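Participant: Residue numbers (this note's numbering): 41 to 149. Built from N, CA and C at the ideal position, the CB exists for glycine as well. Model, not experiment: these values are computed from the prediction. I have a structure here, written as structure tokens, and I will follow up with some questions on it.
What follows is the structure, given as structure tokens:
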């Protein structure tokens, strides 16, 4: 979405809903060399809404100043993490460190 406030000033923004769904079949972690107990199957769902907003000021025909704020939302690389788990780990009960991250990003020139 973009709004020309004036010939010199522009504001833009956006809204996005992110959703991640994971289905993990029962498996044996790599660290156990296929001899330890298996990790039961599980499903994980994560979702959140993120947004961005920015402004541009055209100070002269050749110089523009801008500022922007944006959010990002992502999940860890689950399959890299799931190869090295402690004995007794279950995805559904021990997902504390697997939670997604929402980050705020600011920049201006």
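Can you tell which of 104, 87 and 64 has the C-alpha that lies nearest to the C-alpha of residue 149?
Facilitator: Of the candidates 104, 87 and 64, the one whose C-alpha sits nearest the C-alpha of residue 149 is 104.
Participant: Quick one: what's got a C-beta closer than 6 angstroms to residue 95's C-beta in the same chain, skipping five residues either side?
Facilitator: Here the set comprises 51 and 107.
Participant: Which residue comes first and which comes last in the beta strand (DSSP E) that contains residue 85?
Facilitator: 82 to 100 is the extent of the beta strand (DSSP E) around residue 85.
Participant: Closest to residue 84 by CA distance: which of 60, 112 and 92 is it?
Facilitator: Of the listed residues, the one whose Cα sits closest to residue 84 is 60.
Participant: Identify whether residue 118 lies in helix, strand or coil by the three-state DSSP scheme.
Facilitator: Note: residue 118 maps to helix in three-state DSSP.
Participant: Quick one, which of 147, 48, 142 and 131 has its alpha-carbon nearest residue 102's?
Facilitator: Of the candidates 147, 48, 142 and 131, the one whose C-alpha sits nearest the C-alpha of residue 102 is 48.
Participant: CA-CA distance, residue 55 and residue 144?
Facilitator: Between residue 55 and residue 144, the C-alpha separation is close to 14 angstroms.
Participant: Got a sec? Which residues, its chain only, sit under 7 angstroms from residue 67 by beta carbon, not counting five neighbours each side?
Facilitator: Cβ neighbours of residue 67 beyond the five flanking positions: 78 and 79.
Participant: Tell me the residue span of the beta strand (DSSP E) that contains residue 48.
Facilitator: It is not in any beta strand (DSSP E) - residue 48 carries neither H nor E in the DSSP assignment.
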